[in-house]
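Okay, structure first, notes after.
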Amino acid sequence: ASSSYPARLVPHPPDLIKWVTREGGFVHPAIKIALHPSHGLGLLANQQIPKGSDLIVLPDHIPLRFNHQDATHSLLLQLARHVPEELWAMRLGLKLLQERAKVGSFWWPYISNLPETYTVPIFFPGEDIKNLQYAPLLHQVNKRCRFLLDFEQEVKHALVNLTPDKHPFGGQEVDASSLGWAMSAVSSRAFRLYGDKRPDGIHIDIPMMLPLIDMCNHSFNPNARIVQEKDSSSKKMQVKVVAETAIKEDDPLLLNYGCLNNDFFLLDYGFVIQSNPYDCIELKYDGALLDAASSAAGVSSPNFSAPAPWQEQILAQLNLAGEASDLKVSIGGEDVVEGRLLAALRVLLSSSMETVQKHDLNTLKSLSAEAPLGVANETAVLRTLIALCVIALGHFPTKIMDDESLLKQGALGSTELAIQYRIQKKYVIVDAMRSLSRRVKLLSSKETTVSAEG
Ligand SMILES: C[S@@+](CC[C@H](N)C(=O)[O-])C[C@H]1O[C@@H](n2cnc3c(N)ncnc32)[C@H](O)[C@@H]1O
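The sequence shown begins at 143 in my numbering and counts up by one.
Here it is as structure tokens:
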């Protein structure tokens, strides 16, 4: 993973541990804030802590959230309505900007400790956005940049002629860059927790910024986890971090931010994870592309572009044809091949409707189901997938070797991050190809054994 040390909003911010404690929170005496060599600041245990111990407890008034009932927020609420659901971080970001601008804000000790800048791609220079080389991510980055520029105009329009007492940001100017700062501060640090109960009894999922808790860095093998519970005396909600395992002296406290692919880690958090088991690449399900892949794999007369009506029906069940179709499919990650793509290939490379109809869709979608439509079909499917991987790899303008040598030459900052990101995408494809080739070999050895036995 790659990330440099981010300067804080002010040069010498107040001690966050003292602030949390003073506000009635609890911080385990063995926990310190310390600089991690590549993850920025983090929390560290300076002595052993047993499993199950409370590490941090925040009372109800410390988390920063967007309070929809608060009448002083009417203008913020109005602005928040312009934010699409997927950019929810911008909504809480508006509240963060408001508190950042407010003189004497309760949260200033927290806000002043936030990083001054973020390594997310919306702040990359154009050259490094291009350096990402992967169209689905470029699309997301461009979408976010465009949103911020449009939203800047909307905010400016809403604030024009407001007297300072009515101005939600204390009269301070808000532009795409400060909006981007706030959105990134939230996306990289907020946790989605249960909010109040709705009348129907269902808890609403509310993003909150959790001071101090958000100093924990990420690991897929965390030693701590967040627990939300009611304080037994005040009956109010409190948020805790609890030791998930025994923690040794000098161990960092690590939370799992989620089993996310590198697109989310880069877009929202500004880092990428090497050998991320959840990383994958996205492809468009496209008949012509699959015909090309199949032909390259030596499969005779593939008919992806012109499926038979019974095949078309199954494609519709897989949401790969018809009005409600979703043509985005993925390769890599835990499943190696998305089940819908696998099933589609198995079905379209089979000429026997009867054989296909013997199996349910779940079997056809599963790579662990061994050659459900026969060894010849499975081999053609796997070879087509491998050829698809080769095509996908060919779409990247540079090769892994080129990228590695650029890193060795000392690419820095956003250039390094962009190269790291695209190398990892290419490794996802290479790993998928390896795994698929292993399966082809296994099938052919089984076939040889069977024919030898026969
Ligand atoms: C919730 S904050 C954690 C505290 C943060 N390190 C700081 O300096 O304030 C999340 C940020 O920490 C960094 N980070 C966390 N886990 C990381 C990891 N495994 N690898 C690289 N950077 C990480 C990233 O910059 C990320 O956006």
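Each residue gets a CB set at the ideal place from its N, CA and C atoms; glycine is no exception.
How is the alpha helix (DSSP H) around F289 delimited, first residue to last? Unbroken alpha helix (DSSP H) run through F289: 277-301.
Using the Cβ count rule (16 or more neighbours within 10 Å means buried), how would you classify C531? Result: buried.
Going along the chain, which residues of its own chain have a beta-carbon closer than 7 angstroms to the beta-carbon of S145, five neighbours each way excluded? With a pLDDT of 44 at S145, under the threshold of 50, the predicted position of this residue should be treated as unreliable, though the coordinate-derived value follows. Its chain contains S180, H181, G182, T261, G412, F413 as the residues whose beta carbon lies nearer than 7 angstroms to that of S145, once the 5 sequence neighbours on both sides are disregarded; these appear in chain order.
Got a sec: does ligand 1 put a non-hydrogen atom nearer than 7 angstroms to the Cβ of D356? Yes.
Leaving out five residues before and five after T259 in sequence, what residues of the same chain have Cβ atoms less than 8 angstroms from its Cβ? Taken in chain order, the residues that qualify are P148, A149, F265, W323.
I'd like the ranges of any beta strand (DSSP E) spanning at least 3 consecutive residues and lying wholly in the segment 428-456. Counting whole runs of 3 or more residues, the segment 428-456 contains no beta strand (DSSP E) stretch at all.
Taking 7 angstroms as the cut-off, does the CB of G235 come closer than this to any heavy atom belonging to ligand 1? The nearest non-hydrogen atom of ligand 1 is 7 angstroms or more from the C-beta of G235.
Just verifying my parser: in three-state terms, what is the DSSP assignment at L504? According to the sequence provided, residue 504 is Asn. The question's Leu does not apply to it. Three-state DSSP puts N504 in a helix.
Using the Cα positions of V245 and T557, report the straight-line distance between them to the nearest angstrom. Cα to Cα, the separation comes out at about 37 angstroms.
Go ahead and label L291 buried or exposed: buried means 16 or more other beta carbons lie within 10 angstroms of its beta carbon, across all protein chains shown. With fewer than 16 Cβ atoms within 10 Å of its Cβ, L291 is classed as exposed.
At a cut-off of 7 angstroms, would you count S472 as near ligand 1, judging by its Cβ distance to the nearest heavy atom? Not so, every heavy atom of ligand 1 lies at least 7 angstroms from the Cβ.
For K588, name the three-state secondary structure that DSSP assigns. In the structure shown, the three-state DSSP call for K588 is helix.
Does the beta-carbon of G400, which I'm using as the reference point, lie nearer than 7 angstroms to any heavy atom of ligand 1? Ligand 1 has no heavy atom closer than 7 angstroms to the beta-carbon of G400.
Which residue comes first and which comes last in the alpha helix (DSSP H) that contains V414? Under the DSSP assignment, V414 falls outside any alpha helix (DSSP H); it carries neither an H nor an E label.
Excluding the 5 residues flanking A231 on each side, which residues of the same chain have their C-beta closer than 6 angstroms to its C-beta? Excluding residues within five positions, the ones whose Cβ falls inside 6 angstroms are M325, V328, S329.
Which ranges would you report for the alpha helix (DSSP H) in the segment 519-571 if only whole runs of at least 4 residues count? For the segment 519-571, whole alpha helix (DSSP H) runs of length 4 or above, ordered along the chain, are 542-550.
Taking 7 angstroms as the cut-off, is the beta-carbon of N363 closer than that to any non-hydrogen atom of ligand 1? A distance criterion of 7 angstroms places the beta-carbon of N363 beyond contact range of ligand 1, judged by its closest non-hydrogen atom.
Take the Cβ of E391 as the centre, count every other Cβ of all protein chains shown within 10 Å, and call the residue buried at 16 or more, exposed below. Exposed.
Simplified DSSP state of L151, which is helix, strand or coil: Secondary structure of L151 (DSSP, three-state): coil.
N-terminal and C-terminal residue of the alpha helix (DSSP H) that R367 is part of: Note, R367: premise wrong, no alpha helix (DSSP H); beta strand (DSSP E) at 366-372.
Tell me the residue span of the alpha helix (DSSP H) that contains G322. According to the DSSP assignment, G322 belongs to the alpha helix (DSSP H) that extends over 318-331.
Cutoff 6 angstroms; reference S577; Cβ partners in own chain excluding five residues on either side: Only V478 meet the Cβ criterion.
Less than 8 angstroms separating the beta-carbons of A300 and L221? Cβ distance < 8 angstroms, so A300 and L221 count as in contact.
Is the segment 338-353 touching the segment 199-213 in the sense that three or more CB pairs, one from each, lie closer than 8 angstroms? With a cut-off of 8 angstroms, the segment 338-353 and the segment 199-213 count as touching, because enough Cβ pairs lie within range.
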